[in-house]
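Just so we're aligned: the sequence shown equals residues 1 to 200 in full-length UniProt numbering.
Here's the structure, in structure tokens; my notes come after.
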Amino acid sequence: MSPAAVPVQVASSPTTRVRRIVLLGARAVGKSSMITRYVDDVFDDSYFPTISRTISKLLTFRGQEYEIQIMDTAGQDEFSIFNGRYALDVHGYVLVYSVTSKQSFDMISVIRDKILNFTGTDWVPIVIVGNKTDLQSQRQVSKKEGEDLAAYWKCLSCETSAKLGNNINNIEHAFELMMVEIEKSTQAVPEEKKDICLIQ
Ligand SMILES: Nc1nc2c(ncn2[C@@H]2O[C@H](COP(=O)(O)OP(=O)(O)OP(=O)(O)O)[C@@H](O)[C@H]2O)c(=O)[nH]1
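And the structure:
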């Protein structure tokens with residue numbers, strides 16, 4: 001949505017832990033809109049393709065304060081070359097599709113393969129998010145399809161609407177699920193090592 005690459009700084013204390021999250025998905029699925037809804041609680045109907053930007057937000061999760069740095073990325077297709085920046089010091093991935101587009105749902109599998117190939121691992125913390133649930137009449141991907149894929153990948157999933165942004169279509173919940181996945185993956189790692197690089 002936003003064409004500008006503007007990092008937003010937030011004040012954090014020495015005890016604040018940093019978690020770096022990347023949103024990836026096909027074009028126009030609502031990645032930027034999700035971030036804007038989450039950080040500023042607003043929604044804009046206009047569409048500007050994203051280049052790249054990082055937004056920070058403070059979050060208290062299980063009694064600990066985190067600065068989550070959310071990287072918004074350009075929409076991907078089959079031919080996009082995976083950008084190494086999307087894996088450097090990254091703690092978790094939110095893979096976004098639109099429930100109105102089967103093609104965008106298929107794309108998140110392509111993107112996951114690229115992440116695993118790049119990182120040389122067979123699992124990374126992922127949350128699958130089906131956005132645009134307000135467009136029910138245009139739905140091409142059922143809720144169950146998203147849940148089945150999440151079960152297959154052993155990750156968490158949810159559906160959202162950046163447009164409505166209410167309790168049912170909760171963007172905040174998607175980021176909380178990401179924290180659950182990240183903390184699950186980092187439980188065995190001493191804290192001093194957590195902020196360096198979790199995915200190698
Ligand atoms: N109805 C509806 N429209 C949405 C929703 N989320 C985003 N949109 C619209 O979809 C279009 C694309 O949204 P963006 O947030 O820019 O999508 P993006 O995934 O960041 O796009 P790229 O930068 O191309 O990757 C915009 O016109 C948004 O207003 C939603 O939940 N519901």
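Where is the CB? At the ideal position from N, CA and C, for every residue including glycine.
query = Does DSSP classify R17 as helix, strand or coil?
reply = Annotated three-state conformation of R17 is strand, per DSSP.
Exposure of I126, with buried meaning 16 or more beta-carbon neighbours within 10 Å = Counting C-beta atoms within 10 angstroms of its own C-beta, I126 has 16 or more neighbours from the protein chains shown and is therefore classed as buried.
task = Count the other CB atoms, across all protein chains shown, that sit within 10 Å of the CB of Q76; report buried if there are 16 or more and exposed otherwise.
result = With 16 or more Cβ atoms within 10 Å of its Cβ, Q76 is classed as buried.
task = Go ahead and pull the three-state DSSP assignment for S80.
result = Secondary structure of S80 (DSSP, three-state): coil.
inquiry  = Can you tell me which residues form a DSSP beta bridge with E159?
reply    = For E159, the pairing in a beta bridge is given by DSSP as G130.
query = Tell me which same chain residues have a C-beta within less than 6 Å of the C-beta of F82, skipping the five on either side of it?
reply = Cβ neighbours of F82 beyond the five flanking positions: K114, F118.
ask   = What three-state label does DSSP hand D44 in the structure shown?
value = D44 falls in the coil class under three-state DSSP.
ask   = Cα-Cα, which of M179, R17, Q64, L135 is closest to S98?
value = Out of M179, R17, Q64, L135, L135 has the C-alpha closest to the C-alpha of S98.
message = On the criterion of 16 or more Cβ atoms from any shown chain inside 10 Å, does I70 qualify as buried, or is it exposed?
response = Label assigned to I70: buried.
message = So, for A5: in the same chain, excluding its five sequence neighbours on each side, which residues have a beta-carbon less than 7 Å away from its beta-carbon?
response = With a pLDDT of 39 at A5, under the threshold of 50, the modelled position of this residue cannot be trusted; read the value that follows with caution. If we look at A5 and ignore the five residues flanking it on each side, its Cβ neighbours are I51, S52, R53.
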